[in-house]
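What follows is a single structure, written as structure tokens, with notes after it.
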Amino acid sequence: MNIAVRTQNLSYTYPDGTRALKGVNLSIDTGECLGLVGAAGSGKSTLAMCLVGLLMPGQGRVEVSGIELSKKNLSQVRKRIGLVFQNPDEQLFMPTVYEDVAFGPAQAGLTGDALENRVKKILAQLGLEKLPDKFPGHLSGGQKKLAALAGILVMEPDTIVLDEPSANLDPANRRKLINYLRALNNSKIVIGHDLEMILDLCRRVIVLSEGEIIAEGDSAQVLSDEALMQRACLEVPHSLLAHHKSQTLSRLSPPKADPH
Amino acid sequence: MHMADALLSPSVGLCFMALSGGALVYSARKLREEDDERKTALMGVLGAFVFAAQMINFTIPGTGSSGHLVGGVLLIMLLGPYAAFITLTSVLIVQALFFADGGILALGCNVWNMAFYPAFVGWPIYRLLVSKNPSRLRISLAAVVIPVITLQMGALTVVLQTALSGRSELPFDKFILLMSGIHLPIGLIEGLVTAAVINFVFQIRPEAVQAALAPEGKPAPKLSLRPLLFALAVITLLAAGILSRFASSNPDGLEWSVNKVYGSGELPAPEKGIIARIAKLQEKTAFLPDYDFKSGMNPKQEKSGAEAGSPVSAGTSLSGIVGSLIVLGMVGLAGLVMFKLRGKGARAQKT
Amino acid sequence: MSGFSIDVLDSFGYGDSLMHRIDPRAKVLATFGFVVAVVSFNKYELSGLMPFFLLPMATVALGFLPIRLVLNRVLAALPFIVLIGIFNPVFDRAPVMLWDGFQIRAGWISFASILLRGILCVSAAVTLIGTTSFPRFIAALQALKVPDALATQLMLIYRYLFLLIGQARATRRARSLRSASDKTPLGLASSMLVALLNRTLDLAQAVWMAMKARGFDTRLKVTRPMNWRPADSFYLALVAAGSVLFRFWPLGEWLGRMIVTK
Numbered sequence: 003m004n005i006a007v008r009t010q011n012l013s014y015t016y017p018d019g020t021r022a023l024k025g026v027n028l029s030i031d032t033g034e035c036l037g038l039v040g041a042a043g044s045g046k047s048t049l050a051m052c053l054v055g056l057l058m059p060g061q062g063r064v065e066v067s068g069i070e071l072s073k074k075n076l077s078q079v080r081k082r083i084g085l086v087f088q089n090p091d092e093q094l095f096m097p098t099v100y101e102d103v104a105f106g107p108a109q110a111g112l113t114g115d116a117l118e119n120r121v122k123k124i125l126a127q128l129g130l131e132k133l134p135d136k137f138p139g140h141l142s143g144g145q146k147k148l149a150a151l152a153g154i155l156v157m158e159p160d161t162i163v164l165d166e167p168s169a170n171l172d173p174a175n176r177r178k179l180i181n182y183l184r185a186l187n188n189s190k191i192v193i194g195h196d197l198e199m200i201l202d203l204c205r206r207v208i209v210l211s212e213g214e215i216i217a218e219g220d221s222a223q224v225l226s227d228e229a230l231m232q233r234a235c236l237e238v239p240h241s242l243l244a245h246h247k248s249q250t251l252s253r254l255s256p257p258k259a260d261p262h
Numbered sequence: 100m101h102m103a104d105a106l107l108s109p110s111v112g113l114c115f116m117a118l119s120g121g122a123l124v125y126s127a128r129k130l131r132e133e134d135d136e137r138k139t140a141l142m143g144v145l146g147a148f149v150f151a152a153q154m155i156n157f158t159i160p161g162t163g164s165s166g167h168l169v170g171g172v173l174l175i176m177l178l179g180p181y182a183a184f185i186t187l188t189s190v191l192i193v194q195a196l197f198f199a200d201g202g203i204l205a206l207g208c209n210v211w212n213m214a215f216y217p218a219f220v221g222w223p224i225y226r227l228l229v230s231k232n233p234s235r236l237r238i239s240l241a242a243v244v245i246p247v248i249t250l251q252m253g254a255l256t257v258v259l260q261t262a263l264s265g266r267s268e269l270p271f272d273k274f275i276l277l278m279s280g281i282h283l284p285i286g287l288i289e290g291l292v293t294a295a296v297i298n299f300v301f302q303i304r305p306e307a308v309q310a311a312l313a314p315e316g317k318p319a320p321k322l323s324l325r326p327l328l329f330a331l332a333v334i335t336l337l338a339a340g341i342l343s344r345f346a347s348s349n350p351d352g353l354e355w356s357v358n359k360v361y362g363s364g365e366l367p368a369p370e371k372g373i374i375a376r377i378a379k380l381q382e383k384t385a386f387l388p389d390y391d392f393k394s395g396m397n398p399k400q401e402k403s404g405a406e407a408g409s410p411v412s413a414g415t416s417l418s419g420i421v422g423s424l425i426v427l428g429m430v431g432l433a434g435l436v437m438f439k440l441r442g443k444g445a446r447a448q449k450t
Numbered sequence: 010m011s012g013f014s015i016d017v018l019d020s021f022g023y024g025d026s027l028m029h030r031i032d033p034r035a036k037v038l039a040t041f042g043f044v045v046a047v048v049s050f051n052k053y054e055l056s057g058l059m060p061f062f063l064l065p066m067a068t069v070a071l072g073f074l075p076i077r078l079v080l081n082r083v084l085a086a087l088p089f090i091v092l093i094g095i096f097n098p099v100f101d102r103a104p105v106m107l108w109d110g111f112q113i114r115a116g117w118i119s120f121a122s123i124l125l126r127g128i129l130c131v132s133a134a135v136t137l138i139g140t141t142s143f144p145r146f147i148a149a150l151q152a153l154k155v156p157d158a159l160a161t162q163l164m165l166i167y168r169y170l171f172l173l174i175g176q177a178r179a180t181r182r183a184r185s186l187r188s189a190s191d192k193t194p195l196g197l198a199s200s201m202l203v204a205l206l207n208r209t210l211d212l213a214q215a216v217w218m219a220m221k222a223r224g225f226d227t228r229l230k231v232t233r234p235m236n237w238r239p240a241d242s243f244y245l246a247l248v249a250a251g252s253v254l255f256r257f258w259p260l261g262e263w264l265g266r267m268i269v270t271k
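Protein chains in written order, with our numbering: chain A, 3 to 262; chain B, 100 to 450; chain C, 10 to 271.
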């Protein structure tokens, strides 16, 4: 098994002094889907940006597909790993879906028919083939997410990092997105609070709290640890709560005229 | 105020298209030299901000009428001259097409009046006032002073462009007074609002202001004076040409002010001196309009012996009117035919 | 600008029709030539301008544009033109004989000419964007060799202006829900602008990150290929020929004289 992404003792401090990451060690195998959970401010987004070189590590190293991240090889690294932003409006900055999806490969030098074919293929893969001339601002929330994903997939990276992919999605679109993600062969790092989704997609999970990894392991096991979840300012996902399961079931039975 | 196609002549329009186009190419080149990758996203988003800002209407104290931020000066303080010029040009293009503010040919004029002056006159003033010692006071001062000055220059140029085009009959002097007067308070208000906004930005995100002054640690764009001087030379030429024509053909309006100055109702030796020479040069180059301001005729009409009293061609006599109606009818009919025969078409759905 | 929603005109550009399908380069060049021809008439011309209504008329009909849309923009642009033009009859009092016994000031004629030009030129611009989506318009400009930096900015501004206008509207709404009067004093407006600008600068930062993450290095390289068809040549030639023809052949006068002298 090859290592898709690895960090060693990764630390990052913001210019205003905030220590966002304190010695993070993680690794993800090729083809694996790793979940990264933590409360707001735990360092998840910082970590995501370090992995793609938007922020350079203050200390420690990041290795992507065997290449160590440094200022000199940023463009090489960015061909191997892509980041899907939480807010698709920040990512979809071109005036049409086609141009946005084509952006990455075009910047890398792809032109003409090769470019067009690659873009069309990805659009079809994600069910967006009817929308190439659409203005991104006119897309629905779900379509925007998929378009943003398309813009990253089209670069054929080894690893995809997704920051809160299900944020602001209605249940139907959320389910659609999860299905698409599950079908992808790329290595994936899914970051977020949507623990049910992470349970669904990722076999392994890492818990981040105040810039440090406080737990790592099988998703169901880690996420059902109440004490741990509390420490991380998270909650055990409902599907893992045994006694909540029965409570939910009883609520669904015919209502009793009970003063409560 | 945006210049409109309806008031423009082709020569003035194309002339300013060339001038603005030149400034655009120059700015694009200088921007590439700056090689600041941060600016691209910033320019685009700030350009969009200009539209958002125009939705925030405020009441102008004392008049009750409403106004909004135009944003030119704010942009130069956050982007520097070249990036601001390109951004403002883009904004004007969008405004011309979507809001019918200005026109297609008039774009050249509008870019000159509303993008060139803030960028290339405003920036040197800004640098003069601020770059040695950026402080809230200096920045605020610049924010107030620059719009007042640049809006005056823009207003003056609109009058020049209108007068040179010869479609409007507004006398030069009255028009100047009107435009200048109106744009003084407008510039002041723009300045006050800009000052308030840029002040805040300087407080909470000083790097945004610093970035324009000293991108990436390099010294601030110093703006070679050459394009500025060239522009001022062109304007002076045009203005002088107008003034001389105006002076020779419309003594009444000028007499009053000339009387005040010289006490004799006569300009001293207009045939010699710079203005006369420039006027002669302008006549020779002949790309400037061919109207005699007094009689309102073009040289061809004058030569054909048309009366100064009836400067209008036969096209406006009865036959002209009848013919116009017939043509309009034909156009309408053609439109109806096309409407009936056009087949299927679709309006795009939004989602 | 109040009451007019940019979204409406923008959405029409994405429609499909004979006019929409014409290459945007042809439309841009044709419109420009049209405007130059219209403004090149002498200031008293009226009848000569009439045939020029053919182009906006045809574009509206064949482009499936509602006339209301064009009229809306024309009416919005008129006030400024009227404000300046209305002084023409004031300062140009030369008498013009229309027909026996009836004369008006020449200034009225030049004023009418200004109005006609205004209607024609604004219609030309509106119908251009009504039948050409803005991204295609930008592509046309790129093909016509405008500097890359300008094309890039047009793309980004277009992409984000709706978003930011939406934010401005939300800010306005929030303000009106919390205050008694509808008028915004200068100070409050400045605060609202500051809030908007702050969000804008954050957005700029995020977009820059997104661009960097996908390999951006100051030059935007994507362009959609355009196909020039014979129909596009035909259109351009037709508009060019028509503009030249009607510029120099006074059709209206000619027809009128035939009728009136009979």
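Note that CB positions come from ideal geometry on N, CA and C, so glycine has one too.
Sort the options by Cα distance to residue i and report the nearest one.
i: residue 133 of chain B; options: C:243, C:261 and C:226; result: C:226
i: residue 213 of chain A; options: A:42, A:73, A:37 and A:5; result: A:42
i: residue 117 of chain C; options: C:68, C:101, C:127 and C:56; result: C:101
i: residue 173 of chain B; options: B:162, B:419, B:112 and B:295; result: B:295
Would you say residue i faces chain A, with C-beta separation under 8 Å as the test?
i: residue 224 of chain C; result: yes
i: residue 208 of chain C; result: no
i: residue 37 of chain C; result: no
i: residue 144 of chain C; result: yes
i: residue 17 of chain C; result: no
Distance cutoff 8 Å, beta carbons only. Does residue i sit that close to anything in chain B?
i: residue 187 of chain C; result: no
i: residue 276 of chain C; result: The shown model of chain C, from 10 to 271, leaves out residue 276 of chain C, and the question about it has no answer.
i: residue 199 of chain C; result: yes
i: residue 7 of chain C; result: Residue numbering for chain C in the displayed model covers 10 to 271; residue 7 of chain C lies beyond these limits and cannot be assessed.
i: residue 154 of chain C; result: no
Within the 8 Å Cβ cut-off, does residue i reach chain C?
i: residue 246 of chain B; result: no
i: residue 108 of chain B; result: yes
i: residue 169 of chain A; result: no
i: residue 14 of chain A; result: no
i: residue 160 of chain B; result: yes
i: residue 77 of chain A; result: yes
i: residue 221 of chain B; result: no
i: residue 202 of chain B; result: yes
i: residue 409 of chain B; result: Per-residue confidence for residue 409 of chain B stands at a pLDDT of 45, beneath the threshold of 50, marking its modelled position as unreliable; no derived number is given.
i: residue 196 of chain B; result: yes
i: residue 6 of chain A; result: no
Starting from residue i, trace the alpha helix (DSSP H) both ways and give me its first and last residue.
i: residue 222 of chain C; result: 195-222
i: residue 102 of chain A; result: 99-110
i: residue 28 of chain A; result: Looking at the DSSP string, residue 28 of chain A is not in any alpha helix (DSSP H); the run it does join, the beta strand (DSSP E), is 21-31.
i: residue 184 of chain C; result: 157-186
i: residue 59 of chain A; result: Segment: none, residue 59 of chain A is in no alpha helix (DSSP H) and carries neither H nor E.
i: residue 272 of chain B; result: 271-303
Starting from residue i, trace the beta strand (DSSP E) in both directions and tell me its first and last residue.
i: residue 6 of chain A; result: 5-15
i: residue 252 of chain B; result: No beta strand (DSSP E) holds residue 252 of chain B; the alpha helix (DSSP H) holding it covers 235-264.
i: residue 112 of chain C; result: 111-114
i: residue 40 of chain A; result: 35-40
Going along the chain, which residues of the region 291-313 of chain B sit with their C-beta nearer than 8 Å to a C-beta in chain C? 291, 292, 295, 296, 299, 300, 303, 304 and 307
Can you pull out the residues from the region 248-270 of chain B whose beta carbon lies closer than 9 Å to at least one beta carbon of chain C? Hits within the stretch, in order: 261, 264, 265, 266, 267, 268, 269 and 270.
Taking only beta carbons into account, state which residues of the region 125-141 of chain B come closer than 7 Å to chain C, listed in chain order. Listed by position along the chain: 127, 130, 134, 136, 137, 139, 140 and 141.
Could you please tell me which residues of the region 144-157 of chain B, in chain order, have their CB closer than 9 Å to any CB of chain C? 144, 145, 146, 147, 148, 149, 150, 151, 152, 153, 154, 155, 156 and 157
Start-end ranges of the beta strand (DSSP E) lying completely within the region 186-243 of chain A, minimum 3 residues: 189-193, 206-211 and 214-220
Mind listing which residues of the region 66-77 of chain C have their C-beta closer than 7 Å to chain A's C-betas, in chain order? none
Could you tell me which whole beta strand (DSSP E) segments of length 3 or greater appear in the region 102-187 of chain B? If only uninterrupted beta strand (DSSP E) runs of at least 3 residues are considered, none is enclosed by the region 102-187 of chain B.
Which residues, taken in chain order from the region 50-72 of chain A, show a beta carbon closer than 7 Å to some beta carbon of chain C? From the region 50-72 of chain A, only 54 and 56 have a Cβ closer than 7 Å to chain C.
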